[in-house]
Amino acid sequence: MHYYKGGKGGRPSTIGAWIRGHPFTFIVPLGLFSSKKVDKGTLLLAEMMEIPKEGRALDVGCGYGVLGIVMAKMNPSLDVIMTDVNPKAVEAAKKNVELNSVKATVLLGDLYEAVDGLGIKDFATIVSNPPLSAGREVVQKIIEGAAERLAPGGVLQMVFAQGGEWAEGLMRSIFSEVDRKKKKGYVVLKAYL
Numbered sequence: 006m007h008y009y010k011g012g013k014g015g016r017p018s019t020i021g022a023w024i025r026g027h028p029f030t031f032i033v034p035l036g037l038f039s040s041k042k043v044d045k046g047t048l049l050l051a052e053m054m055e056i057p058k059e060g061r062a063l064d065v066g067c068g069y070g071v072l073g074i075v076m077a078k079m080n081p082s083l084d085v086i087m088t089d090v091n092p093k094a095v096e097a098a099k100k101n102v103e104l105n106s107v108k109a110t111v112l113l114g115d116l117y118e119a120v121d122g123l124g125i126k127d128f129a130t131i132v133s134n135p136p137l138s139a140g141r142e143v144v145q146k147i148i149e150g151a152a153e154r155l156a157p158g159g160v161l162q163m164v165f166a167q168g169g170e171w172a173e174g175l176m177r178s179i180f181s182e183v184d185r186k187k188k189k190g191y192v193v194l195k196a197y198l
């Protein structure tokens, strides 16, 4: 991966990454997770995630929008929705959607709150790189909530730096199949409905 970055003082950083053979640029306000470069877990999931051929995709806890933007770039016909509880992240993700010339909807809300408010379900995929600081309760809500919101045959895709074992166990108790890939100290879990 090649990164380029900029921004000084209190200004947002402008960072970039090559993902799936394409250049991406992101404006990142200081104070947001991974504000100097795209973190390794997000990069890994972005490279390994299955991108549906059609339907809706949801990036839960999108931060400044890497996963959702990559999906939208790789398949412009997807209906990509991104949500985050942090207004600063939502604002940045909206700017990054424009900056990367993709089509995606960015909504403010805690986990599934924003899409539930619109009555949206039947996602072909739900992706998330949950912050470790969020704790188990939040991760559990993402996993359990995904099962209720995925279309038949849909897939929940998550990446963990640590603690993936209990999340995998929870996924196996809910989903019909779970695929586990370990790489560079991270675990990517794909749970199929």
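Per my numbering, residue 6 is the first one in the sequence shown, and the count goes up by one each step.
Where a beta carbon is used, it is the ideal one built from N, C-alpha and C, also for glycine.
Between Asp84 and Leu123, the alpha-carbon positions lie close to 14 Å from each other.
By the Cβ-count criterion, Lys195 is buried, with 16 or more other Cβ atoms from all chains shown falling within 10 Å of its own Cβ.
Less than 8 Å divides the Cβ of Asn101 from the Cβ of Ile74.
Residue pairing of Ala151 in beta bridges, as defined by DSSP: absent, with no partner found.
Excluding five sequence positions before and after Asp184, the CB atoms of its chain that fall closer than 6 Å to its own CB belong to Lys195, given in chain order.
Taking a cut-off of 8 Å on C-beta distances, the region 30–46 does not touch the region 109–117, as fewer than three cross pairs fall below it. The C-beta of Leu137 has fewer than 16 other C-beta atoms within 10 Å across all chains shown, which makes the residue exposed.
Residue burial is scored here from C-beta neighbours: Asp64 has at least 16 other C-beta atoms within 10 angstroms and is therefore classed as buried. Nearest to Gln145 by C-alpha distance, out of Arg177, Ser18, Ala156, Gly158, is Arg177. The Cβ-Cβ distance between Phe165 and Ala172 falls below 8 Å. The beta-carbon separation of Thr130 and Ala77, rounded to 12 Å, does not stay under the 8 Å limit for a contact.
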